[in-house]
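The structure under discussion appears below in the form of C-alpha cells.
Number of protein chains: 2
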Amino acid sequence: MANDEAAESPRGPRRRAAGDAEPPPRAARRGAARPTMRDVAAKAGVGIKSVSRVVNGEYVRPETERVIVAAIAELGFSRNDSAAMLRQGLSASVGLVLEDIAEPFQSTLTRAVEAVTLANGSILMTASSGEDPAREHKVVRAFSARRVDGLIIVPAAHSQRYLLPDIQAGVATVFVDRPAHGIDADTILADNAGGARDGVAHLTGFGHRRIGFIGDIAEIFTATERLRGYTEALAGAGIAADPALVEMERPTDDTVGAAVARMLSAADPPTAFFTGNSRITMMFLRAVRLRGGARPALVAFDDFELADMLTPGITVVAQDAASMGRTAAELLFRRIGGDDGPTQRIHLSTRFIPRGSGEIPP
Amino acid sequence: MANDEAAESPRGPRRRAAGDAEPPPRAARRGAARPTMRDVAAKAGVGIKSVSRVVNGEYVRPETERVIVAAIAELGFSRNDSAAMLRQGLSASVGLVLEDIAEPFQSTLTRAVEAVTLANGSILMTASSGEDPAREHKVVRAFSARRVDGLIIVPAAHSQRYLLPDIQAGVATVFVDRPAHGIDADTILADNAGGARDGVAHLTGFGHRRIGFIGDIAEIFTATERLRGYTEALAGAGIAADPALVEMERPTDDTVGAAVARMLSAADPPTAFFTGNSRITMMFLRAVRLRGGARPALVAFDDFELADMLTPGITVVAQDAASMGRTAAELLFRRIGGDDGPTQRIHLSTRFIPRGSGEIPP
DNA sequence: TTGAAAGCGGTACCAC
DNA sequence: GTGGTACCGCTTTCAA
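Going down the list, the sequences are from chains A and B.
The first sequence begins at 1 in the numbering used here and counts up one residue at a time.
The second sequence begins at 1001 in the numbering used here and counts up one residue at a time.
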C-alpha cells in the first residue's frame, strides 16, 4: 500500500547529486536516465520482484501482469542485461583475438565464430593484435576483466602463459590457426605441413627440381610448418634442399620482390615457386609481373578470390577458414558448457586445387 | 583489527548453495571462484576501499600499498570491470552491426572501427545481420540491453525506428554505408551516385553509347544511388536510358550470368558494363570468361585485391572503407563524449582508378 | 502469488 | 590516509 501514490521515481535524485556544473567526460548525452525495474514497480504499484518475474517470463497473476506490462511499455523499460549477468555470475559473451580482422582468412573465420556465438545466445567481442604480443596481452586482459565466458585466440608468436590464471579461473580458451606457447590448451590447426607437402610434391611430380619457397618469419608457427612440408616433399623426391631457394622474412612487396629477383637471376634458377600464404602470393604475383618474362610454375598456400580468374589460374592448397572458426567456436561452447575432457588438438585437412599455375612444366 | 585473522574468504559458500547435484548448463568449469576485492582486503587486513584505491592508482600509504599489492598477486586478483562499469553507469563498449563481416569492404571497415574503439579505451562487439531486418533488430537489442555506449550500424533495408528509445536514452548511433530509414541520425556515406557518374562518364567519354548496368536489388540504398549516377551520366552524355541494359536483382552467378548473356546477345548489345559492387564484379568476370569472345569494357564500383593483376586490369571507382570506418567511429566517440550538435550526414568521395578495362573503346 | 531484503563486485561519499 | 556504508540494477532467498 505504501506505493499507491508517488508513482514517479521513489528515489531521490539519481546520478550527479552534487556539483552539477560541468558535463562529465562521458555519458553526457544520457538523456532521461533509463528506467529501472524499480521505476516500473513503482509505476505499476507492485514489488520489484514481480517486475522481474514478468520480464523473465515467470508466472504472475494475469491481472498483475497486465499492469506491469503496461508500465513497462509506458516507461520504455528494457532490462539491463549486464546487471543481470553480474548477479548471475556470467557474461554470455566471448572474446575473439585475431591478428588482423581485415585479412580474408581471418574475417571468414570471424564470421563463422560469430554465427556459432550468436546461436549460443552469446555476444562476440573482437580485437586485433596486429601480431604484437603486448597488444594481444592487453586486449585479452580487457576481455578477461569483462569476465568473458571464453576466448578464441590466434596467438602472436610468444608465450601465452599470462593466460594461466584466467584459464584456471574457468575461462574457456581455444587457440586457432597457431598453437599457444607455454600452455596446454585446446587448439584448432590446419594441416599446414601436410598441405604444403602435397603442394610441393605436386610440383616435383611435374619434374621440378628447383623450387623456391617464399614464407613468413620463422617465429610464425604456420610459416615454419609449411616450410617443413616443403622440405619433406623435397626429401621425398630425393631433392637436396638449397637454402638459397628459401626466403623467410617479414614479407613486403620489397622483400618478396628482392627474393624473387635474386633467385631467378641466380646461376641455377628455380623453375617453380611455393608461396606461404595469400598475402605473400599477392606480392609474388606482383613481383613476377613487374619482372616480366616467362612465369615460373606456382603453387600457393591459401585460396583467394579470383585465383581462378588469373591467367593461368593459381593452383592452391586451400584451408577452410569457416570450418576452422566453426570448429573452434563449437569446441569453446562445449567447454563453456562444462566439458572438461582432455585438451584437444584438432587438425583440419587442406584441399588441393589445381588451376593451371601448378601444372606448368619446368 | 577485526580482520587480522580469517585470511581466507570470509564469506560462506558462494554460488550453488543448494541442490548441488547436476552441473548447471553454463559456468560449470568455473574453478575456484574468482577472488574479489573483499578477499584481497581480508588477506591484506585492510579496508576494501583501500584495495579499490590501489587498483585504481590512487594514493595510499606506501606500506599499505605493499601489503595490498602482495595480496593481489598472491590471490591472482583482477578487477571485474563489468561490476565497476555497472556502478559507474557506463559500459566502455560499442556495438558494430554489419551485413557480413567476411565481405572485404566491411572487414576493412571493421578494422578501422576497432582501432578507434580500442584507442578510446572501449571494447568492440560485432554481429552480422546477413541483410535480415529481424536479425539486425535482434542483435541491436542484445547490444542495447548490454548498455553499449554507442552503435555503428550498416542498416538492412527497412525501418530503424525501433532504435528511437535507445537513441533517446542516450545511446550514440552512427549509420555507415547506408542511411537509416525512418529516423534522423548521423550517417557516413560514400558518394555513390557521384562515383558511379564519374565511372560511367569515363565510358561515355571513350565513345560508349550502350552501357550495361548490373546492380543489386533496388531496396539497397547504395544500389539505387549507383544506378542514379549511371542514369545521370548517360543523361549528361545525351544518351537515352534503355531499361533492357539495367539489371537490378539479388546477384548470384546465375542471375548475373543470365543478364550478361541476355544483354550481349541482344540486337544492339552493350559495348561496356558498369558493375555495382565487388561481389557483382566477380560474378561478372566469371560470366564473361565463361562466355568467351571479346571482352566488353568494364568499370566497377569498389576496388578489390588483384584488380590490377587481371588482364586487362580492372578500372574501378574505389571507396575508402578504412576511412569510412574511422570517420564513423570518431564521430561516434565525439557523440559519446557529449557532442550533441546537429545530426551529420558525411559523404566520403570516391576515387577513380583507371587500369585498362575501362579504357577499351567500343 | 508476492515482495522485502540480501546479495553480485565494485565505486562514491563522507565521516573518522 | 583510511574505511564504513549506501548504492549501481538485477536476481535470489525466504517469509508472509
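All C-beta atoms in this analysis are idealised placements derived from N, C-alpha and C, irrespective of residue type, glycine included.
Inset, instruction - Quick one: measure Cβ to Cβ for isoleucine 314 (chain A) and serine 357 (chain A), integer angstroms, because I've assumed they're closer than 8 Å. - result: 5 Å
Inset, instruction - Tell me whether aspartate 132 (chain A) is buried or exposed, calling it buried when 16 or more other Cβ atoms sit within 10 Å of its Cβ. - result: exposed
Inset, instruction - Count the other C-beta atoms from every protein chain shown that fall within 10 angstroms of the C-beta of isoleucine 214 (chain A), then say buried if there are 16 or more, exposed otherwise. - result: buried
Legend entry - Minimum Cβ-Cβ distance from glycine 1076 (chain B) to chain A less than 8 Å: yes
Legend entry - Sequence-distant residues of its chain with Cβ nearer than 7 Å to proline 251 (chain A) (five each side left out): Asp216, Arg279, Ile280, Met283
Inset, instruction - Using the Cα positions of proline 1023 (chain B) and glycine 338 (chain A), report the straight-line distance between them to the nearest angstrom. - result: Because proline 1023 (chain B) carries a pLDDT of 31, less than 50, the predicted location of this residue cannot be relied on, and the following value inherits that uncertainty. Answer to the nearest angstrom: the Cα atoms are 7 Å apart.
Legend entry - proline 354 (chain A) versus proline 1165 (chain B): straight-line alpha-carbon distance, rounded: 55 Å
Inset, instruction - Tell me whether arginine 29 (chain A) is buried or exposed, calling it buried when 16 or more other Cβ atoms sit within 10 Å of its Cβ. - result: Reliability of the predicted coordinates at arginine 29 (chain A) is poor, the pLDDT of 43 falling under 50, and the value obtained from them is presented with this limitation in mind. It counts as buried.
Inset, instruction - Could you give the DSSP three-state label for alanine 267 (chain A): helix, strand or coil? - result: coil
Inset, instruction - Measure from the C-beta of serine 357 (chain A) to each C-beta in chain B and report whether the shortest distance is under 8 Å. - result: no
Legend entry - Other residues of its chain near arginine 195 (chain A): CB distance less than 6 Å, five sequence neighbours each side excluded: It is worth fixing the name first, because residue 195 (chain A) is glycine in this sequence and not arginine. Here the set comprises Val317, Thr350.
Legend entry - Burial state of arginine 345 (chain A) (16 or more Cβ within 10 Å): exposed
Legend entry - Contiguous beta strand (DSSP E) assignments of at least 3 residues, all confined to the stretch 1183 to 1248 of chain B: 1186 to 1190, 1211 to 1215, 1246 to 1248
Inset, instruction - Go through its chain and collect everything with a Cβ distance to alanine 307 (chain A)'s Cβ below 7 Å, but skip five positions before and after it. - result: Gly313, Ile314, Val316, Arg355
Inset, instruction - Please list the partners that proline 1312 (chain B) has in chain A, where partner means a Cβ-to-Cβ separation under 9 Å. - result: Within 9 Å Cβ-Cβ: nothing; proline 1312 (chain B) doesn't reach chain A, min ~11 Å.
Legend entry - Cα-Cα separation between phenylalanine 352 (chain A) and leucine 1118 (chain B), rounded to whole angstroms: 39 Å
Inset, instruction - Spatial neighbours of glutamate 225 (chain A) within its chain, please: CB distance less than 6 Å, with the 5 preceding and 5 following residues excluded, ordered by chain position. - result: Asn192, Ala193
Legend entry - Segments assigned beta strand (DSSP E), at least 3 residues, entirely inside the stretch 1268 to 1313 of chain B: 1272 to 1275, 1297 to 1301
Legend entry - Status (buried if at least 16 other CB within 10 Å, exposed otherwise) for tyrosine 1230 (chain B): buried
Inset, instruction - Specify whether the stretch 1196 to 1208 of chain B and the stretch 1156 to 1170 of chain B touch according to this definition: at least 3 beta carbon pairs, one from each stretch, less than 8 Å apart. - result: no
Inset, instruction - Output the boundary residues of the beta strand (DSSP E) element that contains arginine 1345 (chain B). - result: 1345 to 1348
Inset, instruction - Check whether the Cβ of isoleucine 101 (chain A) lies closer than 8 Å to any Cβ atom in chain B. - result: yes
Legend entry - Inter-residue CB distance, glycine 1095 (chain B) and leucine 1151 (chain B) (contact presumed, cutoff 8 Å): 5 Å
Legend entry - Nearest-angstrom Cα separation, counted from glycine 257 (chain A) out to arginine 289 (chain A): 10 Å
Inset, instruction - Give me the Cα-Cα distance between glycine 1212 (chain B) and methionine 1248 (chain B), rounded to the nearest whole angstrom. - result: 11 Å
Inset, instruction - Tell me phenylalanine 1077 (chain B)'s beta-bridge partners as DSSP assigns them. - result: Answer is none; phenylalanine 1077 (chain B) lacks a bridge partner.
Legend entry - Short CB-CB distance (under 8 Å) between serine 265 (chain A) and chain B: no
Legend entry - Cross-chain neighbours of serine 1129 (chain B) in chain A, by beta carbon under 8 Å: Going along chain A, no residue has its Cβ under 8 Å from serine 1129 (chain B), so there is no contact; the nearest lies around 11 Å.
Inset, instruction - Report the residues of the stretch 57 to 90 of chain A with a CB closer than 7 Å to any CB of chain B, ordered along the chain. - result: Gly76, Ser78, Arg79, Asn80, Asp81, Ser82, Ala83, Leu86, Gly89, Leu90
Inset, instruction - Using only alpha-carbon positions, find the residue among B:Val1154, B:Pro1269, B:Thr1204 that is nearest to glycine 1238 (chain B). - result: B:Thr1204
Legend entry - Nearest candidate by alpha-carbon position, reference isoleucine 123 (chain A), set A:Arg146, A:Thr64, A:Ala156, A:Asp184: A:Arg146
Inset, instruction - May I have the straight-line CA-CA distance separating phenylalanine 1301 (chain B) from methionine 125 (chain A), to the nearest angstrom? - result: 31 Å
Inset, instruction - Name, please, each residue of chain B whose Cβ falls closer than 9 Å to the Cβ of serine 349 (chain A). - result: Those do not exist, as serine 349 (chain A) stays about 21 Å from chain B at its closest Cβ, beyond 9 Å.
Inset, instruction - Please decide whether methionine 282 (chain A) counts as near chain B, where near means a Cβ-Cβ distance under 8 Å. - result: yes
Inset, instruction - Give the single residue among B:Arg1111, B:Gly1121, B:Ile1101 whose Cα lies nearest to the Cα of valine 113 (chain A). - result: B:Ile1101
Legend entry - Within 7 Å of chain B by C-beta, residues of the stretch 114 to 129 of chain A in sequence order: Glu114, Leu118, Ile123, Leu124, Met125, Thr126, Ala127, Ser128
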